[in-house]
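Asks:
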Amino acid sequence: MDIQAWIPVALCALHNFIQKYHPDTFDLESDGNPPEINQDVALGELGEGLADAAERRRADQRRERIVNEMWDDYLNEHRQQGLPLPGTT
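Each step along the sequence shown adds one to the number in numbering that gives the first Met the number 0, with nothing skipped, and position 51 is 50.
1. So, helix, strand or coil for Pro-83, using DSSP?
2. Could you tell me the boundaries of the alpha helix (DSSP H) in which Leu-10 lies?
3. Nearest-angstrom Cα distance between Glu-68 and Pro-22?
4. DSSP three-state call for Ala-53: helix, strand or coil?
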């Protein structure tokens, strides 16, 4: 395994070690006080059960918009760099 692949594993092990032996190490702000929690932030709610047809349709439309934006960005990057567009050789 390459060295880069071991980094996440090492970080997880370090995190678990700190949580087990020194759990409040990172619970304080730089001034020694616990971090302030903003209660005004909406946390949202988890849905119950499966998504209905309307929710799936909204998710599909959003996913399609994201795909199209990513593809457009990809093509624009090719144009800016003077590279041939995919599918044209």
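Idealized CB from N, CA, C, for every residue including glycine.
Replies: With the structure as the only source:
1. coil
2. 2–20
3. 43 Å
4. helix
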